Amino acid sequence: MRANGDTRATLCGLAAILLWSTSAGLIRGVTEDLGALGGSAMIYTVGTLLLLLCLGRPRLRTFPRAYLLVGSLLFAAYEICLSLALGYATDRAQAIELGIVNYLWPCLTVLLAIAMNGQRARWPILPGTALALFGILWVVSGEGLSLPGLLGNVAANPLSYGLAFSGAILWALYCNLTRRFAQGKNGVTLFFALTAVALWVQYGVSQEPAIPFSASGILELAATGTAMAAGYALWNLGILRGNMTLLATASYFTPVLSSAFAALWLHTALTLQFWQGALLVTLGSLLCWLATRTPGA
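Quick note: the sequence shown uses the working numbering, first residue 18, plus one each step.
So, in structure tokens, the structure goes:
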């Protein structure tokens with residue numbers, strides 16, 4: 018892993034992390050205004066257009082076929098799971114909670130790297146995994162930690178919780194498989210476009226009413242599409258030439274940053290137990306990452 022890097026590229030990567038931290042709150046806001054399916058489809062349509070402007074049209078002939086197939090399916094499936102999990106949440110507090118469930122993916126990414134790619138890991142992988150999982154259970158269980166409370170919260174909205182957890186698995190698979198197949202290529206523009214198409218198809222066959230456009234909804238849509246597209250574009254610059262050690266470390270604080278922004282944007286008070294769980298997920302993910310690093314790297 019590259020320890021040193023261009024300062025501007027590193028700043029681009031840090032900016033991407035901040036932008037991604039706004040996505041959960043912004044997506045929830047858009048889906049409240051424009052509908053779960055219609056709003057999500059609009060977000061990825063706007064994001065696709067902005068990525069085309071920022072990165073240009075991808076040269077698909079230069080992309081490995083395995084990367085195009087696997088990457089597009091996993092990326093689109095993940096983004097759909099995340100946006101619909103947030104859109105179908107029963108209220109704003111639950112949407113923020115589902116965002117934390119989604120952030121189980123860093124821990125899962127490390128575990129899948131060990132299982133699929135032969136990644137070596139040291140002993141911190143065990144407490145790291147345990148802390149991340151306990152953090153998720155602590156957040157979802159509501160008050161205290163009890164099996165009835167945990168099952169009751171999930172049973173109240175199994176679709177959203179299932180989508181959020183499935184999304185975490187899908188993104189962990191995406192990270193591992195695209196690293197194997199991508200050969201340095203970046204197909205995010207194509208993947209965004211395919212996500213938009215898939216969501217429009219779902220919207221077309223659904224019973225969701227016509228998208229209720231409003232001035233506030235359009236502004237929030239523009240902010241969301243810009244944040245997500247710019248996040249991917251800036252991250253690409255950061256990982257190519259930036260300080261990857263710093264960027265990797267900073268990225269694991271996204272659950273806390275995301276929850277803080279969502280709470281402010283959605284005017285939602287979060288409990289002390291929620292913040293404790295979010296910190297446990299962050300700490301657990303960091304330990305999992307450190308467990309895979311070569312000493313002295």
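Note that beta-carbon positions come from the ideal geometry of N, C-alpha and C, so glycine has one too.
Given the structure is predicted, the values throughout are model-derived calculations rather than measurements.
Item	Value
Contact check, Gly255 vs Gly73, beta carbons under 8 Å	no
Cβ-heavy atom distance, Leu187 to the ligand SAH, below 7 Å	Ligands in the displayed structure: none, and consequently the ligand SAH is not present.
Leu123 in three-state terms, based on DSSP	Correcting the residue identity first, residue 123 is Pro in this sequence and not Leu. The answer is helix: DSSP assigns Pro123 an H, G or I state.
Neighbour-count burial assignment, Gln293, 16 or more Cβ in a 10 Å radius	exposed
Contacts around Ala203, its chain only, beta-carbon distance under 7 Å, and the 5 residues preceding and following it disregarded	Going by the sequence as given, residue 203 is Asn instead of Ala. Same-chain partners within the cutoff: Asn253.
Inter-residue CB distance, Gly104 and Ala53 (contact presumed, cutoff 8 Å)	3 Å
Val47 vs Gly56 beta-carbon contact at 8 Å	yes
Contact the segment 119 to 129 vs the segment 174 to 191: 3+ CB pairs below 8 Å	yes
From Leu167, Gly145, Glu237, Phe182, residue whose alpha carbon lies closest to that of Ile60	Glu237
Whole runs of the alpha helix (DSSP H) within the segment 65 to 121, excluding any shorter than 4 residues	82 to 104, 109 to 119
Leu216 burial status per 10 Å Cβ neighbour count (16 or more: buried)	buried
Boundaries of the alpha helix (DSSP H) in which Gly301 is found, first to last residue	289 to 309
Touching by the beta-carbon criterion (3+ pairs, under 8 Å), the segment 235 to 250 and the segment 112 to 122	no
Nearest to Gln200 (by Cα), restricted to the options Leu51, Gly221, Leu289, Leu85	Leu85
DSSP-derived helix/strand/coil call for Met18	Low confidence applies to Met18: its pLDDT is 42, below 50, so where it sits in the model is not reliable enough to give any reading.
8 Å Cβ shell around Ser233 - same chain, five flanking residues per side excluded	Asp50
Alpha-carbon spacing of Trp140 relative to Gly116, whole angstroms	28 Å
Cβ-based neighbour list, Asn193, same chain, cut-off 7 Å, excluding 5 preceding and 5 following	Thr126, Leu129, Ala130, Met133, Asn134
Supposed close pair Thr206, Pro81 - CB separation, criterion 8 Å	Contact doesn't hold; Cβ gap of about 16 Å is too wide.
First and last residue of the uninterrupted alpha helix (DSSP H) at Glu49	40 to 51
Supposed close pair Ala295, Val157 - CB separation, criterion 8 Å	The Cβ separation is near 12 Å, so there is no contact.
Whether Leu180 touches Cys71 by CB criterion (8 Å)	no
Collapsed DSSP secondary structure at Tyr269 in the structure displayed	coil
Expected contact under 8 Å - CB spacing of Thr271 and Ile34 to nearest Å	6 Å
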